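This report concerns only the one structure given below.
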Amino acid sequence: MLLTRPPLYIIRLTMPNQETLYHAANRVATITLNRPDKLNAWTAVMEREVRAAMGEAEHDENVRVIVLTGAGRGFCAGADMSLLSTVAEKGLDEARRAQAVQPASSGGEGTRTDFQKKYSYFPSLTKPVIAAINGPVVGLGLVIALYCDLRLASDAARFSTAFARRGLIAEYGMAWMLPRLVGHANALDLLLSARMIDASEALRMGLVNQVHPQESFLEGVQKYVADLASSVSPRSLRVIKRQAYDAMFQTLAESFESSEQEMLASLQSEDFREGVAHFIEKRAPVFTGK
372 MLLTRPPLYI IRLTMPNQET LYHAANRVAT ITLNRPDKLN AWTAVMEREV
422 RAAMGEAEHD ENVRVIVLTG AGRGFCAGAD MSLLSTVAEK GLDEARRAQA
472 VQPASSGGEG TRTDFQKKYS YFPSLTKPVI AAINGPVVGL GLVIALYCDL
522 RLASDAARFS TAFARRGLIA EYGMAWMLPR LVGHANALDL LLSARMIDAS
572 EALRMGLVNQ VHPQESFLEG VQKYVADLAS SVSPRSLRVI KRQAYDAMFQ
622 TLAESFESSE QEMLASLQSE DFREGVAHFI EKRAPVFTGK
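The working numbering applies: residue 372 is where the sequence shown begins, and numbers increase by one.
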């Protein structure tokens with residue numbers, strides 16, 4: 372599934388990948404997990420390609436928003452079961468290789484090491500990462516969705532942690548991230564029971580930000596990301612995203628002091644001058660991100 376409109380311009384149409392697609396147009400980069408026959412079950416190849424695509428979008432000055440979605444009827448059904456079977460058969464050494472933490476692409480100097488781990492690097496990117504959850508998202512797929520900044524879901528989406536039903540645990544920092552999104556009690560419910568929930572319950576918990584009917588899901592996602600890409604300051608997006616993740620580790624006083632410094636810097640920016648000018652002149656903004 373590619374989130375596209377009739378293009379104003381096209382940055383890069385496709386990268387020659389095996390298990391993902393990359394498409395960039397109208398300031399939005401879309402990364403599509405592309406194993407639809409396997410409900411986009413996660414593999415080592417997919418991991419490498421997603422990381423490379425995230426880096427491509429991060430460093431492209433024409434891209435302002437990144438969308439991660441799945442081809443076909445699923446977002447990501449978790450780790451490929453054939454890989455889990457191999458780990459179960461070959462034991463601890465194979466498990467250690469599968470769990471090995473790789474260096475992640477950085478959002479820049481000063482980025483917390485917390486957000487440089489194997490799957491936790493999305494918050495280190497300076498651009499918003501939006502999960503467009505078009506169908507089932509389970510296990511490792513849910514971990515990946517949690518590290519996106521926002522989650523927009525189809526009403527056909529289904530969610531499960533799955534780990535406890537496979538004899539596994541809350542992996543890759545899920546026990547830290549999930550309670551921050553849905554609260555301690557809801558997180559324990561989802562982790563301990565590993566039950567499947569639908570999109571409406573996910574919305575009620577705060578696991579997703581929006582739910583759209585399946586027939587208009589693509590249109591709803593396009594509308595939201597197009598607004599982010601064209602109507603708000605890229606500089607503001609960059610700074611606010613960093614503030615929100617830094618605040619997870621700060622006291623109120625530290626967050627307050629940091630925001631005062633950032634406000635002084637923003638008042639001297641080109642985007643602030645444009646933000647005032649386009650409002651007064653009643654026209655569409657032309658932000659530069661500076």
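Don't be surprised by glycine CBs; every beta carbon is placed ideally from N, CA and C.
For clarity, every value in this text was computed on a predicted model and none was experimentally measured.
For Asp451, which residues from the same chain have a beta carbon less than 8 Å from its beta carbon, with the 5 sequence-adjacent residues on both sides left out? Lys409, Ala412, Trp413, Thr414, listed in sequence order.
How big is the Cα-Cα spacing for Gln621 and Ser630? Answer to the nearest angstrom: the Cα atoms are 12 Å apart.
Is it buried or exposed, Asp598, if we count other Cβ atoms within 10 angstroms and call 16 or more buried? By the C-beta density criterion, Asp598 is exposed, having fewer than 16 other C-beta atoms within 10 angstroms.
Any idea if Ser571 is buried or exposed, counting beta-carbon neighbours within 10 angstroms, 16 or more meaning buried? Classification for Ser571: exposed.
Segment limits, alpha helix (DSSP H) that includes Asp530: First, the amino acid is wrong: residue 530 is Phe here, not Asp. Membership of Phe530 in any alpha helix (DSSP H) is not indicated; the residue belongs instead to the beta strand (DSSP E) covering 529-531.
Would you mind reading off the limits of the alpha helix (DSSP H) that contains Arg644? Start and end: 641-652.
Which residues in the same chain have their Cβ closer than 8 Å to the Cβ of Ala541, if we skip the five residues on either side of it in sequence? Closer than 8 Å at Cβ, skipping near neighbours: Thr532, Phe534, Leu549, Leu562.
Specify the secondary structure class of Ser491 as computed by DSSP and reduced to three states. Three-state result, Ser491: coil.
Range of the contiguous beta strand (DSSP E) that encloses Arg613: In the DSSP annotation of this structure, Arg613 is not part of any beta strand (DSSP E); the continuous alpha helix (DSSP H) holding it starts and ends at 605-617.
Beta-carbon gap between Leu578 and Val553 smaller than 7 Å: For Leu578 and Val553, yes; Cβs fall inside 7 Å.
Which first and last residues belong to the beta strand (DSSP E) in which Ile501 is found? For Ile501, the enclosing beta strand (DSSP E) has its first and last residue at 500-504.
Would you mind giving the Cβ-Cβ distance between Gly406 and Glu390, rounded to the nearest angstrom? I have them listed as a contact below 8 Å. Inspection of the sequence shows that residue 406 is occupied by Arg rather than by Gly. With a contact defined as Cβ atoms closer than 8 Å, Arg406 and Glu390 qualify at about 6 Å.
Pair within 7 Å by beta-carbon distance, Val436 and Ala524: No, Cβ-Cβ distance for Val436 and Ala524 is not below 7 Å.
Compute the beta-carbon to beta-carbon distance between Gly591 and Pro507, rounded to the nearest angstrom, for a pair I have assumed lies under 8 Å. Not really, about 19 Å apart at Cβ, beyond 8 Å.
Can we count Phe620 as close to the ligand GTP, meaning its CB is less than 6 Å from some heavy atom? With respect to the ligand GTP, the structure offers nothing, as it holds no ligand at all.
Whose C-beta lies closer than 7 Å to the C-beta of Leu640 among residues of the same chain, with five residues either side of it excluded? Note that residue 640 corresponds to Ser in the displayed sequence, not to Leu. Around Ser640: Arg606, Lys661.
Would Pro499 pass as a contact of Asp520 if the rule is Cβ separation under 7 Å? Contact: yes.
When DSSP builds the beta bridges, which residues end up paired with Gly441? Note: Gly441 sits in a beta bridge opposite Leu404.
Three-state class that DSSP yields for Val434 in the structure shown: Looking at Val434 - three-state DSSP - the assignment turns out to be coil, as it is neither helix nor strand.
Tell me the DSSP secondary structure of Asp485 in three-state form. In this structure, Asp485 counts as helix in the three-state DSSP scheme.
To the nearest angstrom, report how far apart Ile651 and Ala556 are at their CA atoms. Roughly 47 Å between the two C-alpha positions.
Taking the Cβ atom as the reference point for each residue, do Arg536 and Ala503 lie within a distance shorter than 7 Å? Using a Cβ distance threshold of 7 Å, Arg536 and Ala503 do not count as a contacting pair.
Would you mind sorting Pro584 into buried or exposed? The rule is 16 or more other CB atoms within 10 Å of its CB. Exposed.
Taking DSSP as the reference, what is the three-state secondary structure of Ala396? Note: Ala396 maps to strand in three-state DSSP.
Residues bridged to Cys447 by DSSP? Val508.
Report the partner residues of Thr391 according to the DSSP bridge assignment. Answer is Leu404, bridged to Thr391.
Do you know offhand how far Val657's Cα is from Thr440's? Their Cα atoms are separated by approximately 28 Å.
Here's the rule I'm using: 16 or more other beta-carbon atoms within 10 Å means buried, otherwise exposed. How should Gly662 be labelled? Since the first and last residues shown for the chain are 372 and 661, residue 662 lies out of range.
Coarse secondary structure for Leu496, derived from DSSP in three states: When DSSP states are grouped into helix, strand and coil, Leu496 belongs to the coil group.
Please classify Met634 as buried or exposed, where buried requires at least 16 neighbouring CB atoms within 10 angstroms. Exposed, because fewer than 16 other Cβ atoms sit within 10 Å of the Cβ of Met634.
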